[in-house]
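2 protein chains.
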Amino acid sequence: MVREIVLANAPSGFPVVELGKSDSTFELKELELPELKDDQVLLQTIFLSNDPAQRGWIQKDQNADRAYVPPILPGERMRAGSVAKVLKSTSPSIKAGTVVQCYGGWAEQLVVNAKDAFPLPDIPELSPSVFLGAVGVPGLTAYFGLKDVCKLQRGQDIIISGAAGATGNVAVQLAKHVFGAGKVVAIAGSDEKCEWLKKIGADVALNYKSPLFSEAIAEAVKPSYVDCYFDNVGGAILNACLPLIKRNGCIAACGAISGYNDPSQTVLSNWSEIIINRITVQGFIVMDYYHRRGEGIQVISSAIKEGKLSVAGGETIVRTGFEKVPEVWMRLFRGENTGKLVTQIADL
Amino acid sequence: MVREIVLANAPSGFPVVELGKSDSTFELKELELPELKDDQVLLQTIFLSNDPAQRGWIQKDQNADRAYVPPILPGERMRAGSVAKVLKSTSPSIKAGTVVQCYGGWAEQLVVNAKDAFPLPDIPELSPSVFLGAVGVPGLTAYFGLKDVCKLQRGQDIIISGAAGATGNVAVQLAKHVFGAGKVVAIAGSDEKCEWLKKIGADVALNYKSPLFSEAIAEAVKPSYVDCYFDNVGGAILNACLPLIKRNGCIAACGAISGYNDPSQTVLSNWSEIIINRITVQGFIVMDYYHRRGEGIQVISSAIKEGKLSVAGGETIVRTGFEKVPEVWMRLFRGENTGKLVTQIADL
Numbered sequence: 001m002v003r004e005i006v007l008a009n010a011p012s013g014f015p016v017v018e019l020g021k022s023d024s025t026f027e028l029k030e031l032e033l034p035e036l037k038d039d040q041v042l043l044q045t046i047f048l049s050n051d052p053a054q055r056g057w058i059q060k061d062q063n064a065d066r067a068y069v070p071p072i073l074p075g076e077r078m079r080a081g082s083v084a085k086v087l088k089s090t091s092p093s094i095k096a097g098t099v100v101q102c103y104g105g106w107a108e109q110l111v112v113n114a115k116d117a118f119p120l121p122d123i124p125e126l127s128p129s130v131f132l133g134a135v136g137v138p139g140l141t142a143y144f145g146l147k148d149v150c151k152l153q154r155g156q157d158i159i160i161s162g163a164a165g166a167t168g169n170v171a172v173q174l175a176k177h178v179f180g181a182g183k184v185v186a187i188a189g190s191d192e193k194c195e196w197l198k199k200i201g202a203d204v205a206l207n208y209k210s211p212l213f214s215e216a217i218a219e220a221v222k223p224s225y226v227d228c229y230f231d232n233v234g235g236a237i238l239n240a241c242l243p244l245i246k247r248n249g250c251i252a253a254c255g256a257i258s259g260y261n262d263p264s265q266t267v268l269s270n271w272s273e274i275i276i277n278r279i280t281v282q283g284f285i286v287m288d289y290y291h292r293r294g295e296g297i298q299v300i301s302s303a304i305k306e307g308k309l310s311v312a313g314g315e316t317i318v319r320t321g322f323e324k325v326p327e328v329w330m331r332l333f334r335g336e337n338t339g340k341l342v343t344q345i346a347d348l
Numbered sequence: 001m002v003r004e005i006v007l008a009n010a011p012s013g014f015p016v017v018e019l020g021k022s023d024s025t026f027e028l029k030e031l032e033l034p035e036l037k038d039d040q041v042l043l044q045t046i047f048l049s050n051d052p053a054q055r056g057w058i059q060k061d062q063n064a065d066r067a068y069v070p071p072i073l074p075g076e077r078m079r080a081g082s083v084a085k086v087l088k089s090t091s092p093s094i095k096a097g098t099v100v101q102c103y104g105g106w107a108e109q110l111v112v113n114a115k116d117a118f119p120l121p122d123i124p125e126l127s128p129s130v131f132l133g134a135v136g137v138p139g140l141t142a143y144f145g146l147k148d149v150c151k152l153q154r155g156q157d158i159i160i161s162g163a164a165g166a167t168g169n170v171a172v173q174l175a176k177h178v179f180g181a182g183k184v185v186a187i188a189g190s191d192e193k194c195e196w197l198k199k200i201g202a203d204v205a206l207n208y209k210s211p212l213f214s215e216a217i218a219e220a221v222k223p224s225y226v227d228c229y230f231d232n233v234g235g236a237i238l239n240a241c242l243p244l245i246k247r248n249g250c251i252a253a254c255g256a257i258s259g260y261n262d263p264s265q266t267v268l269s270n271w272s273e274i275i276i277n278r279i280t281v282q283g284f285i286v287m288d289y290y291h292r293r294g295e296g297i298q299v300i301s302s303a304i305k306e307g308k309l310s311v312a313g314g315e316t317i318v319r320t321g322f323e324k325v326p327e328v329w330m331r332l333f334r335g336e337n338t339g340k341l342v343t344q345i346a347d348l
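Here it is, written out as structure tokens:
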């Protein structure tokens, strides 16, 4: 018997992550795994990716038409990116012992078709977990957001919110050290995160919980405002940034974590700035750039090799028992992680 | 002695349009006009343009840096587009009796340099007031919004809010009869306005004050949502439209009248739609297209001649005494006008 965690009650507000309550969002299930058919692998999950976007996938009463991936329905396993070890294989191309990346979800062990498991490149100096962060989806999101959405040019100024998060910290580092941005203004939720951001490339890093935040950010963009705002959070911080974007500037709308559990908080009293200052807001999803994944990985890997992108401080790995997986995930929404939040449920 | 109306107290909320109170937004002033110098004209104001944008020009504590025209300061005459008659002229190029368009503001009579007064083309079938509406700034806003911001293609579907307003009604007619839109969904604030909109080109016209509005608009865009949303109002209607825009669709952010007097109403709980469905929001100001004014006037005039654009129902002219000018202007914010709201203070 192995365990997996499935959606029990689709939430419309804050998820209830304790298991076993009547209103729990998730439910622990035990099951027998099937025998391997041809060209399949049995996987042991090692690392689970925690992503704010997962909250959207389980939202109650979604219109599947509008979703960018199929909604997860009650009874279905929670979807998540993962790094796993092959325990058994009937595939000629993947040997037992190989470390792979896949969308394994919240399962201790699972059987997948070999074509859905992607062996990680063997780079001894990188933890396999990094392929869920800087060299994975969040890193690619940062890269394509800066390159194709912001179209960030050398010398341009940028504000990045959620800057200590998985995507944000890569965006800060790439903006400064690869794209050659002028001023990089980072926004995060603690003084400690801000100190770290200044070390990795932010010219200014501001704690949005500080009572002086509004004044500080208005001061930080002087004398000429910023060309772009890379928005990972939405809500009040987005509203505070609207008056700080140059005429004809842009907003890369990447995420809106501040509103995922309570969208009514999205009060944009500064909306008129979009009109008056001819701002472009462009929503994007990294999936649309997957055909150029190679380009992104290439830029990110080179940046790591050249010391322009540090992955050391860019992840928070939580080693825990499987039943704590939902609780660790919930830390995303309390801002408790610095860099990529990864859950480790077994040794490599 | 002639009269003009100046800003007294810059408002942050709803303007107080009664004159003579301690907290009045405006103040009536009497003054002697100067003698004409060379190349000047003495004008009698006939029609005053009422525009939602004027509310922005008088906002309290504006950052002049961010404004697209200089803020009006207390003591300064209220700015407004106008149509006026030349009473006296020292200019060789403009004779007394000529009807001109200018930015005369809220003044009964005024002296301006001849170069700032533009004689209207003499088209007997058009009221001169139309040059403040369909053949003026609102009409050009509709045209460039559809052409350059929405990039509306033949057969594409569009939602237009504030559709019975000065810009909105021209947008509805041009979208349907000139751009060849597929479905045109118009939103307005009364059943009467909706009836009129259906006559001039809307396939569907919905009263946002109806308790069934949300269901009705979701139904109206079936089966495939709309390519574009031409937004004149912002706020709750913008929020309702966010889930109705196609993947990779766009919003032309033209106006936000719902929030001009109370921006805190701008709760965009559906913001995530911008991200998930890769929507582009593009703010614009018609001034940026003035170098192509000729093109816009050409398209609009041809549409009128060909019977594709009706200007008859597209204006509400209020004949009133000069001291009532602020009160008439305030009707914009109560949705009391159908089409362009024009104040007439003297006979032509």
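Each protein sequence line maps, in turn, to chains A and B.
Quick note: the first sequence, position 146, residue 146 per UniProt numbering, numbers continuous.
Quick note: the second sequence, position 262, residue 262 per UniProt numbering, numbers continuous.
From the three backbone atoms N, C-alpha and C, an ideal C-beta is built for every residue, glycine too.
Contact list for the stretch 280-292 of chain A against chain B, Cβ threshold 9 Å:
Thr280, Val281, Gln282, Gly283, Phe284, Ile285, Asp288
Let's see if you can read the secondary structure: which residues bound the beta strand (DSSP E) around Glu315(B)?
In the second sequence, residue 315(B) corresponds to position 315, counting from 1. 315-319 is the extent of the beta strand (DSSP E) around Glu315(B).
According to the Cβ coordinates, are Leu33(A) and Ala84(A) closer than 8 Å?
As a first step, residue 33(A) is located in the first sequence; it is residue number 33 there, counting from the start. As a first step, residue 84(A) is located in the first sequence; it is residue number 84 there, counting from the start. Contact flag unset, no.
Does DSSP put Gly259(B) in a helix, in a strand, or in coil?
For the purposes of this step, residue 259(B) is taken as the residue at position 259 of the second sequence. Reduced to three states, the DSSP call for Gly259(B) is helix.
Nearest to Pro326(A) by CA position, among Ile297(A), Leu19(A), Pro11(A), is which residue?
As a working note, residue 326(A) is residue 326 in the first sequence. Nearest of Ile297(A), Leu19(A), Pro11(A) to Pro326(A), Cα basis: Leu19(A).
By the 10 Å Cβ neighbour count, where 16 or more other Cβ atoms means buried, how is Ala253(A) classified, buried or exposed?
Position 253 of the first sequence, counting from 1, holds the residue named residue 253(A). Ala253(A) comes out buried.
In or out: Lys21(A) buried (at least 16 other Cβ within 10 Å) or exposed?
As a working note, residue 21(A) is residue 21 in the first sequence. It is exposed - the Cβ of Lys21(A) has fewer than 16 other Cβ atoms within 10 Å.
Can you list, in chain order, the residues of the stretch 308-334 of chain A whose Cβ is nearer than 7 Å to any Cβ on chain B?
none
Does the Cβ of Leu212(B) have 16 or more other Cβ atoms within 10 Å, making it buried, or fewer, making it exposed?
On the second sequence, residue 212(B) is found 212 positions in, with the first residue counted as 1. Answer is exposed; the Cβ neighbour count stays below 16.
Quick one: list the residues of chain B neighbouring Thr266(A), beta-carbon separation under 7 Å, in chain order.
If you number the first sequence from 1, residue 266(A) lands on position 266. By Cβ distance, chain B contributes Val267, Leu268, Ser269, Trp271.
Is there contact here, the stretch 43-58 of chain A with the stretch 144-158 of chain A, by at least three beta-carbon pairs under 8 Å?
no
Start-to-end residues for the beta strand (DSSP E) that takes in Leu43(A):
Numbered from its first residue, the first sequence carries residue 43(A) at position 43. From DSSP, the beta strand (DSSP E) with Leu43(A) extends over 40-49.
Using 8 Å as the threshold, is the C-beta distance between Glu315(B) and Gly335(B) below it?
Locating residue 315(B) in the second sequence gives position 315, where the first residue counts as 1. Locating residue 335(B) in the second sequence gives position 335, where the first residue counts as 1. No, the pair does not count as a contact, with Cβ atoms beyond the cut-off.
Under a Cβ-count criterion, where at least 16 other Cβ atoms within 10 Å of its own Cβ denotes burial, should Arg319(B) be classed as buried or exposed?
Numbered from its first residue, the second sequence carries residue 319(B) at position 319. Exposed, since its Cβ has fewer than 16 Cβ neighbours within 10 Å.
What does the alpha-carbon distance come out to for the pair Leu7(A) and Ser82(A)?
The residue you call residue 7(A) lines up with position 7 of the first sequence. The residue you call residue 82(A) lines up with position 82 of the first sequence. Rounded to the nearest angstrom, the two C-alpha atoms are 18 Å apart.
Chain-ordered residues of the stretch 214-247 of chain B with a beta carbon less than 7 Å from chain A
Gly234, Pro243
Per DSSP, what are the beta-bridge partners of Asn113(A) in this structure?
The count along the first sequence starts at 1 and reaches residue 113(A) at position 113. Its beta-bridge partners are Gln40(A).
For Pro34(A), three-class secondary structure by DSSP
Along the first sequence, read from residue 1 onward, the residue named residue 34(A) stands at position 34. It is coil, neither helix nor strand.
Please classify Tyr103(A): is it buried, with 16 or more other beta-carbons within 10 angstroms of its beta-carbon, or exposed?
Here residue 103(A) refers to the residue found at position 103 when the first sequence is read from its first residue. So Tyr103(A) counts as exposed.
Which same chain residues end up closer than 8 Å to Gly189(A) when comparing Cβ atoms and leaving out the 5 residues on each side of it in sequence?
By one-based count along the first sequence, residue 189(A) stands at place 189. So the list reads Ala164, Asn207, Tyr208, Lys209, Gly335, once near-sequence residues are dropped.
Indicate whether Ile274(A) and Val281(A) have their beta-carbon atoms separated by less than 8 Å.
As a first step, residue 274(A) must be located in the first sequence, where it is residue number 274. As a first step, residue 281(A) must be located in the first sequence, where it is residue number 281. Cβ atoms of Ile274(A) and Val281(A): closer than 8 Å.
So, is the C-beta of Ala163(B) closer than 8 Å to a C-beta in chain A?
In the second sequence, residue 163(B) corresponds to position 163, counting from 1. Output row for Ala163(B): interface = no.
Assign Cys194(A) to one of three DSSP states: helix, strand, or coil.
The sequence position of residue 194(A) within the first sequence is 194, counting from 1. Three-state DSSP puts Cys194(A) in a helix.
Are the beta-carbon atoms belonging to Val172(B) and Ile200(B) less than 8 Å from one another?
Within the second sequence, residue 172(B) is the residue found at index 172, counting from 1. Within the second sequence, residue 200(B) is the residue found at index 200, counting from 1. For Val172(B) and Ile200(B), yes; Cβs fall inside 8 Å.
Does the beta-carbon distance from Gly13(A) to Asp347(A) come in below 8 Å?
Counted from its first residue, the first sequence places residue 13(A) at position 13. Counted from its first residue, the first sequence places residue 347(A) at position 347. No, they are not a contact pair.
How about Ile275(B): is its C-beta nearer than 8 Å to some C-beta of chain A?
Locating residue 275(B) in the second sequence gives position 275, counting from the first residue. Chain A contact via Cβ: present.
Compare the C-beta of Ala64(B) with all C-beta atoms of chain A and state if any pair is closer than 8 Å.
Stepping through the second sequence from its first residue, residue 64(B) is reached at position 64. So, not an interface residue.
Inter-residue Cα distance where the pair is Gln62(B) and Ser269(A):
What you label residue 62(B) is simply residue 62 of the second sequence in a count that begins at 1. What you label residue 269(A) is simply residue 269 of the first sequence in a count that begins at 1. For Gln62(B) and Ser269(A), the distance between alpha carbons rounds to 14 Å.
Give the DSSP-derived three-state secondary structure of Phe118(A) in the structure shown.
Position 118 of the first sequence, counted from the first residue, corresponds to residue 118(A). In the structure shown, Phe118(A) sits in a strand (DSSP, three-state: E or B).
Tell me the residue span of the beta strand (DSSP E) that contains Cys187(B).
Numbered from its first residue, the second sequence carries residue 187(B) at position 187. The sequence shown places Ile at residue 187(B), rather than the Cys named in the question. 184-188 is the span of the beta strand (DSSP E), which, as asked, contains Ile187(B).
Of the residues Pro70(A), Ala114(A), Pro71(A), which one's Cα is nearest the Cα of Lys88(A)?
For the purposes of this step, residue 88(A) is taken as the residue at position 88 of the first sequence. Of the candidates Pro70(A), Ala114(A), Pro71(A), the one whose C-alpha sits nearest the C-alpha of Lys88(A) is Ala114(A).
Cα-Cα, which of Glu27(A), Met1(A), Pro11(A) is closest to Lys324(A)?
For this step, residue 324(A) is matched to residue 324 along the first sequence. Ranking Glu27(A), Met1(A), Pro11(A) by Cα distance to Lys324(A) puts Glu27(A) first.
Taking only beta-carbon positions, decide if Ile208(B) is within less than 8 Å of chain A.
Along the second sequence, read from residue 1 onward, the residue named residue 208(B) stands at position 208. For the sequence presented, residue 208(B) should be read as Tyr rather than Ile. No, Tyr208(B) does not count as interfacial toward chain A.
Span separating the alpha-carbon of Cys150(A) from that of Phe179(B):
Position 150 of the first sequence, counting from 1, holds the residue named residue 150(A). Position 179 of the second sequence, counting from 1, holds the residue named residue 179(B). Cα-Cα distance, rounded: 31 Å.
Tell me the rounded alpha-carbon separation between Gly162(A) and Gly259(A).
Here the question's residue 162(A) lines up with position 162 in the first sequence. Here the question's residue 259(A) lines up with position 259 in the first sequence. About 13 Å.
Out of Cys241(B), Ala166(B), Leu152(B), Asn169(B), which one is the CA nearest neighbour of Glu215(B)?
As a position in the second sequence, residue 215(B) is number 215, starting the count at 1. Taking only the C-alpha atoms, the option nearest Glu215(B) is Cys241(B).
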